[in-house]
Structures are given as structure tokens and as C-alpha cells.
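Sequence positions in the sequence shown follow the numbering used here and run 1 to 188. Beta carbons: idealized from backbone N, C-alpha and C, even for Gly.
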Amino acid sequence: MPRICTWGEFERDGKRLWFFNLHMDHIGVQARSESAKLVLTKIQEMCGSEPVILTDDFNVDQHNESYALLNNSETLDDSYELSPVCHAPNGTFNNYNPTGFSGECIDHIFVSPALKVLRYGILTDTYCSREAENIYVARTLSDHLDAFSNNLVIGAFLFNMLALLFTFCFVRLIQLNIIIIMKFISYT
């Protein structure tokens, strides 16, 4: 499976927001570390001090070197650690088990200092599929649960990018199951 980083630059009234999504290798320790270094360098080069959101499937938890490279930088912080309100009863890896609980949080949402995280959570929603007449089985959409961070306040103004970001995030949700939900956000 290819490991990629996709990004988008969103602008309104001369103000920018950058959104990156990364999928790291699930086997190579060095590959993950080099990916973290590369994406951090590119974010610093491309974005400077402008607001940045990085979502990712790290394939490792927060006790790993590649995670630490980003979280210990002055460029990005994990929204889980910044949020005053967290609803994370589970990790993000479920291995397609709708009733399984795991402490493994291998999907992360990083934000730059220009952003303030108000809430963080992991969605544990399931759906039912019909196996036979009158027999329904709970299922998950993926082997990863969705992480979300909402109401990101950017500097002294609020960013209104709901439609654009939601569309971008929905595409990434299908691939990596990470959602950024920004609601009730508008320019002041």
C-alpha cells in the first residue's frame, strides 16, 4: 500500500488554512521516522506560521519516535493533549471488532499554535448489517475508529471553511477514518 501525504491550502479574504493528511508505513520504524521528519520540514517550509491541521494514520501510538518528532516540535501539537474536553473511551484501532476496546491510538490530529482545540473525541459508532432473516450483526466501517477535533479557533479570528473542509475530510474519512468537524465557525 502506498504511503502518501496529501494537502490542501484553503484561503478566504487573504487568510489561509493548511490541511495535511498522512498515512505512514505500518512496518518500517525508520520509514515512519523519516516520514515524520519530511512532513514536518515541508509544513515548516510551506506554511510558516499560518494555521495547519495534520491528520494521520501513524500505525503507532503516542509512545513512538515518529509521533514524538511531530508532537515535540514547535510546529505541531496533538489535539488530544491540547483539548480541555476529551471523549476518548477507546483507542482508534479496532481490527473490525465493534465491541473490542483498545488503548491503541494510532490515528492523530495535530494542530499548529495558531489553532485552539475546544473538543477531542473518538467516535465508536457502528452500523448493523443483516446476516439472515431477523439476524443483524454490528459492524464498523473500518479497522480504525474516527478521531475528531472540533471548534478550532484560529488566532484572533474564526475560520469559516466548513463546507470545503468537510468535503476534504469526508474523502479522507473513507481512506483513513479521521474526521475534523468544524461547526459553528465563522469570521469575526
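The criterion of a C-beta distance shorter than 7 Å is not satisfied by Ile109 and Phe58. From the listed residues Ser83, Glu74, Ser66 and Val39, the smallest Cα separation to Thr6 is found for Val39. Taken atom to atom, the span from the alpha-carbon of Arg32 to that of Val137 is near 36 Å.
At a Cβ-Cβ threshold of 7 Å, Ala114 and Pro51 count as neighbours. By the neighbour-count definition (other C-beta atoms within 10 Å, threshold 16), Ile53 is a buried residue.
Here Asp77 is bridged, per DSSP, to Val111. Beta-bridge annotation (DSSP): Leu69 is not paired with any residue. In this structure, DSSP gives Leu118 a state outside helix and strand, which the three-state scheme calls coil. Annotated three-state conformation of Val52 is strand, per DSSP. Rounded to whole angstroms, the gap between the alpha carbons of Arg16 and His26 is 32 Å. Here Met46 is exposed: its Cβ has fewer than 16 other Cβ atoms, across all protein chains shown, within 10 Å. In this structure, His23 sits near Ile4, with a CB-CB distance shorter than 7 Å.
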